[in-house]
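One structure is given below, encoded as structure tokens.
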Amino acid sequence: MQLPQEYNIKEAEEKWQKYWGKEKIYKFDENSKKEIFSIDTPPPTVSGKMHIGHAFSYSHTDFIARYKRMNNYNVFYPFGTDDNGLPTERLVEKTKNVKARNFSREEFIKLCIDFLKKELPAFVQDWKNIGLSPDFSIYYSTINSHSRKISQQSFIDLYKKNRAYRKDAPAMWCPECKTGVSQVEVKDKELDTTFNWIKFQVGKESVEIATTRPELIPACVAVLYNPNDSRYKRYEGKKANAPLFDFEVPIIENDKVDPKKGSGILMCCTFGDQLDMEWQRKYNFPIKEAISQEGIMTKISGKYYGMKINDARKAILDDLRKNNLLIKQEKIKHFVNVHERCSTEIEFIKSRQWFIKYLDLKKNFLKWGNSLKWHPEFMKTRYDNWVKGLQWDWLISNQRYFGVPIPVWYCKKCWKEILADEKSLPVDPLKNYPKKKCKCGSFEFEPEKDVLNTWFTSSMTPQIAIKLMPEEIQKNLFPMSLRTQASEIITFWLFNTVFKSNIHYNKNPWKDVMISGFVTLEGEKMS
Numbered sequence: 001m002q003l004p005q006e007y008n009i010k011e012a013e014e015k016w017q018k019y020w021g022k023e024k025i026y027k028f029d030e031n032s033k034k035e036i037f038s039i040d041t042p043p044p045t046v047s048g049k050m051h052i053g054h055a056f057s058y059s060h061t062d063f064i065a066r067y068k069r070m071n072n073y074n075v076f077y078p079f080g081t082d083d084n085g086l087p088t089e090r091l092v093e094k095t096k097n098v099k100a101r102n103f104s105r106e107e108f109i110k111l112c113i114d115f116l117k118k119e120l121p122a123f124v125q126d127w128k129n130i131g132l133s134p135d136f137s138i139y140y141s142t143i144n145s146h147s148r149k150i151s152q153q154s155f156i157d158l159y160k161k162n163r164a165y166r167k168d169a170p171a172m173w174c175p176e177c178k179t180g181v182s183q184v185e186v187k188d189k190e191l192d193t194t195f196n197w198i199k200f201q202v203g204k205e206s207v208e209i210a211t212t213r214p215e216l217i218p219a220c221v222a223v224l225y226n227p228n229d230s231r232y233k234r235y236e237g238k239k240a241n242a243p244l245f246d247f248e249v250p251i252i253e254n255d256k257v258d259p260k261k262g263s264g265i266l267m268c269c270t271f272g273d274q275l276d277m278e279w280q281r282k283y284n285f286p287i288k289e290a291i292s293q294e295g296i297m298t299k300i301s302g303k304y305y306g307m308k309i310n311d312a313r314k315a316i317l318d319d320l321r322k323n324n325l326l327i328k329q330e331k332i333k334h335f336v337n338v339h340e341r342c343s344t345e346i347e348f349i350k351s352r353q354w355f356i357k358y359l360d361l362k363k364n365f366l367k368w369g370n371s372l373k374w375h376p377e378f379m380k381t382r383y384d385n386w387v388k389g390l391q392w393d394w395l396i397s398n399q400r401y402f403g404v405p406i407p408v409w410y411c412k413k414c415w416k417e418i419l420a421d422e423k424s425l426p427v428d429p430l431k432n433y434p435k436k437k438c439k440c441g442s443f444e445f446e447p448e449k450d451v452l453n454t455w456f457t458s459s460m461t462p463q464i465a466i467k468l469m470p471e472e473i474q475k476n477l478f479p480m481s482l483r484t485q486a487s488e489i490i491t492f493w494l495f496n497t498v499f500k501s502n503i504h505y506n507k508n509p510w511k512d513v514m515i516s517g518f519v520t521l522e523g524e525k526m527s
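For the sequence shown, counting from 1, position 280 maps to 280 in our numbering; every step adds exactly one.
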């Protein structure tokens, strides 16, 4: 046959894609006696369009799948899309130019589902267009009923194992996304800011306190200095008056205060950072909330009530300056926690959230990580560093609409937590109700309105994919052979999948993990 003078890429791609599909070239053979090689694939997040970073990372997976087929393995290589939770919500809000909070939950969920029905075929086609070779007939969505059921089963099992608990406590909060966030969902970002030396009155004397957060003065509950700092020893046991707001707080010694930072004496506010929370618990300080969940100043802020955080910061600094209470300012760069989804600075807000207890398992996490084969080996360091740096239990509840509902109700009489019956999963507590009365005899229930964080569901991808297959071959697919993924989600996806698998099934979810880097644009990760 005469070959064409010029190779027509588009014609060739379309021809062979159709051929692969028609002939089922990459289909997993349920009846084959060949050795199985199973791949836990990263379901791409439906938060935008494919970019070069996707193609880079997913190609690595495909190289292995094709290599194993050529070595006579029966390759289990499913394809899924991560289309529940905050990323998809934000995409719908951006595309439709709407805000979820302006809709009822039911209305916004319908908007998201209609959007996905329209967009998903083209979204999945992008992965076909770069020549990936999964068995696209083994497809899962992290929001469909199959995945919701598995995610809710995971929650119920963790609850029964005394791992899931609900607590009214300070938690990291994103004012932009209006939801609590977990430690894994925040990143450090270097920002330009100002150290402000502010005059606090101590009797007839004044003391300069340096802060980057003057808007938190109304939430000040104490002033602290290091016991070895001779400059402030004379203030022990005295009280300081908060400028502009005219209330007194105790002056306390604490060895965690850094004498070299700022003026060496600082204010503790509820809550500026994690250290503030530690001190609040240690000294049982009152909790004063200056910033609301909407990211605006509360009533304790007086004349600044209702202002946005940055506007209040500017207004308070202006008033401090006018009253000769602002001694000096110094421009600095410092790292702050921001939400990885929207880059908004994280606040610490007292709210009732669901958590998964796992800080007691650090030694186990390291042992489980050591049992995996890492490719390349040095990527294991990222896993180990994350485990060693864990400070919080896993916050899993989101105050959003589009996600897997937490399968819980609360008795209106005794407020006992009522779990859904596993036989009835998946459930939506806003639509369904317990079929049995509470132990106290009440039939009245308050539904849980929060949804599970998207990583809570994604950490079950081995089971979500495997349980699409007939029961008789599921046992041959778990643990899976390989997890492939990018390096930046080791702490999100890999870590939590290892945790879930060992708690639910007492084994690691895979034998090998293969980690790719990521593509950057002007120093920033492409996403």
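We put the beta carbon where it would ideally sit given N, CA and C, even for glycine.
Where residue i and residue j are concerned, what is the direct C-alpha to C-alpha distance, given to the nearest angstrom?
| i | j | result |
| --- | --- | --- |
| I39 | H334 | 41 Å |
| L395 | F348 | 13 Å |
| S154 | W455 | 12 Å |
| D319 | H504 | 56 Å |
| P308 | I209 | Per the sequence shown, the amino acid found at residue 308 is Lys instead of Pro. C-alpha separation (whole angstroms): 24 Å. |
| N71 | I64 | 11 Å |
| P497 | R382 | It is Thr, not Pro, that sits at residue 497 in the sequence shown. If you take the alpha carbons of T497 and R382, they lie about 15 Å apart. |
| S32 | N74 | 7 Å |
| Y139 | N506 | 26 Å |
| Y401 | E330 | 42 Å |
| E448 | L191 | 37 Å |
| I156 | L452 | 12 Å |
| F518 | G53 | 6 Å |
| R352 | I473 | 42 Å |
| A100 | L120 | 20 Å |
| H51 | K437 | 51 Å |
| D168 | K467 | 36 Å |
| V46 | L494 | 19 Å |
| Q125 | Y305 | 50 Å |
| F478 | K373 | 16 Å |
| N364 | I406 | 27 Å |
| L132 | L275 | 48 Å |
Please list, in chain order, all residues of the same chain as residue i whose beta carbon is under 7 Å from its beta carbon, the five residues on each side excluded.
| i | result |
| --- | --- |
| P227 | E253, D255 |
| T61 | I39, T41, T484 |
| I356 | L158, R163, A164, D393, W394, I396 |
| T457 | N84, T142, S147, S151, V404 |
| S292 | T298 |
| V249 | C220, V221, A222, V223, K239, A240, A242 |
Let me know the secondary structure DSSP gives residue i once reduced to three states.
| i | result |
| --- | --- |
| V181 | coil |
| A240 | strand |
| F76 | strand |
| L395 | strand |
| F518 | coil |
| R101 | helix |
| M480 | strand |
| N196 | strand |
| R166 | strand |
| I287 | coil |
| Q17 | helix |
Report yes if the C-beta of residue i is less than 7 Å from at least one heavy atom of the ligand ATP; otherwise report no.
| i | result |
| --- | --- |
| R163 | Questions concerning the ligand ATP fall outside what the structure shown contains, since it holds no ligand whatsoever. |
Contact defined as beta carbons within less than 8 Å: I believe residue i pairs with residue j. What is the distance between those atoms, to the nearest angstrom?
| i | j | result |
| --- | --- | --- |
| K380 | G369 | 6 Å |
| V257 | Y283 | Not really, about 13 Å apart at Cβ, beyond 8 Å. |
| S145 | P429 | With a Cβ gap of about 15 Å, S145 and P429 do not count as contacting. |
| G203 | R231 | Not a contact, Cβ separation roughly 16 Å. |
| K288 | P170 | About 12 Å; that fails the 8 Å criterion. |
| C342 | E176 | 5 Å |
| K500 | M460 | 6 Å |
| P470 | E30 | 6 Å |
| P218 | G302 | 7 Å |
What does a CB cutoff of less than 6 Å around residue i pick up in its chain, not counting 5 residues either side in sequence?
| i | result |
| --- | --- |
| T491 | V184, W386 |
| S371 | N508 |
| F28 | F76, D135 |
| F115 | V92 |
| Q55 | It is Ala, not Gln, that sits at residue 55 in the sequence shown. So the qualifying residues of the chain are I130. |
| W409 | I418, P429, P434, F445, P447 |
| P259 | N226, D229 |
| I515 | M379, S487 |
Under a CB-based cut-off of 8 Å, is residue i close to chain D?
| i | result |
| --- | --- |
| F115 | Of the protein chains in the structure, only one exists, and it is not chain D. |
Among the residues of its own chain, which have a CB less than 8 Å from the CB of residue i, if the five just before and after it don't count?
| i | result |
| --- | --- |
| K412 | S442, E444, F445, E446 |
| E340 | E185, V186, K187 |
| P214 | N196, I198, R313, I316, L317, L320 |
| Y19 | I25 |
Next on the checklist: With a threshold of 8 Å, are at least 3 pairs of Cβ atoms found where one atom belongs to the stretch 286–302 and the other to the stretch 191–202?
Outcome noted: no
Item to check | At least three beta-carbon pairs within less than 8 Å, the stretch 228–238 to the stretch 271–282 | outcome: no
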